[in-house]
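Report on one structure; see the data block that follows.
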Amino acid sequence: MSSPTGPASGLPVRMPRPRQPGRHRRPEPLAAPEGAPALVLAVPGTPGAATRSLAEEVVSIARSELPGLDARIGYLDGDDSEFPTLQAVLAHTAGERTARYEQAKAAGVDVKEPEGPVAVVVPLLAGPDSSLLRRIRQAVMDSRIAADLTDVLGPHPLLAEALHVRLSEAGLARADRARLFAVTTAADGIILGAVGGEEAVQAAGITGMLLAARLAVPVMAAALDQDGSIASIAEQLRSSGSQQLALAPYLIGP
Numbered sequence: 001m002s003s004p005t006g007p008a009s010g011l012p013v014r015m016p017r018p019r020q021p022g023r024h025r026r027p028e029p030l031a032a033p034e035g036a037p038a039l040v041l042a043v044p045g046t047p048g049a050a051t052r053s054l055a056e057e058v059v060s061i062a063r064s065e066l067p068g069l070d071a072r073i074g075y076l077d078g079d080d081s082e083f084p085t086l087q088a089v090l091a092h093t094a095g096e097r098t099a100r101y102e103q104a105k106a107a108g109v110d111v112k113e114p115e116g117p118v119a120v121v122v123p124l125l126a127g128p129d130s131s132l133l134r135r136i137r138q139a140v141m142d143s144r145i146a147a148d149l150t151d152v153l154g155p156h157p158l159l160a161e162a163l164h165v166r167l168s169e170a171g172l173a174r175a176d177r178a179r180l181f182a183v184t185t186a187a188d189g190i191i192l193g194a195v196g197g198e199e200a201v202q203a204a205g206i207t208g209m210l211l212a213a214r215l216a217v218p219v220m221a222a223a224l225d226q227d228g229s230i231a232s233i234a235e236q237l238r239s240s241g242s243q244q245l246a247l248a249p250y251l252i253g254p
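Heads up: the sequence shown is residues 1 to 254, going by the working numbering.
Encoded structure:
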């Protein structure tokens, strides 16, 4: 969810915590094992500068959480030049893995022939969207590259946190010094707008429960792509006593 006062990147910033000294310090983060499959972020929608910036921030966070991770970006509607297609990225990734093996073998290094998936494809979707997931799955199949396709990103507590941040930036939730985020909100009812059908609305509803626990106000999900859905949910919230409603898009995008 974007706001006029929010950062242009579209994502909340999660800064790494400083390393704690002494015997009780936190363990060092894990690193990606050598030869691990690449992570390929499958980005739907019309590609552009804002979309690329968002995708690059996502893979940057992934790399910081798992050092050594080979993270790449493939666009579902790319053009193989400025915005490479998902198929092209998978093919390029497979080619690089084969080339590394051949170079090591030619140099006399005792290496095992690569096996297993070349990449793990992660859809950049907050919730299920059968139409987009079908296209992503077809793109993976058309590439003829061994790749695993994961589920969408939500529901997840971090998405509830991101929504909380955006509501705070919009002036609908106030920060407190103890928890950084507010436990009260200027809105007394929140609608999460999802795209992708009933399954997407249900997934948004689960994240909505996590958000409701943060804000202590009712949160309900509705379909942005279904006529009357927002109005119907708004009426339900008003009938239960909510007066100041806020609409928060449950989407990942600029």
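Glycine included, each C-beta is placed from N, C-alpha and C at the ideal position.
- Annotation for residue 230: the continuous alpha helix (DSSP H) segment containing it runs 229 to 239.
- In this structure, DSSP gives residue 144 a state outside helix and strand, which the three-state scheme calls coil.
- Your pair residue 32 and residue 68 checks out as a contact, with CB atoms roughly 4 Å apart and the cut at 8 Å.
- Distance from the CA of residue 90 to the CA of residue 168, rounded to the nearest whole angstrom, comes to 38 Å.
- In terms of Cβ geometry, residue 119 and residue 111 do not form a close pair [threshold 8 Å].
- Residue 207 carries a helical assignment under DSSP once its states are collapsed to helix, strand and coil.
- Residue 69 carries a coil assignment under DSSP once its states are collapsed to helix, strand and coil.
- Per the coordinates, the alpha-carbon of residue 130 lies some 13 Å from the alpha-carbon of residue 203.
- Contact check between the region 81 to 95 and the region 141 to 153: three or more CB pairs, one atom from each, fall below 8 Å, which counts as touching.
- If you draw a straight line from the Cα of residue 71 to the Cα of residue 213, it comes to about 33 Å.
- Between residue 125 and residue 252, the C-beta spacing is below 8 Å.
- Our two residues, residue 155 and residue 106, have alpha carbons roughly 47 Å apart in a direct line.
- Look at residue 95 here: in three-state DSSP terms it is helix.
- If you draw a 10 Å sphere on the C-beta of residue 238, you find fewer than 16 other C-beta atoms in it, and that means exposed.
- Residue pairing by DSSP places residue 245 opposite 189 in a beta bridge.
- Looking at the DSSP output, residue 39 shares a beta bridge with 71, 120.
- For residue 221, the enclosing beta strand (DSSP E) starts and ends at 219 to 223.
- Contact between the region 223 to 239 and the region 194 to 201 is present, with at least three C-beta pairs closer than 8 Å.
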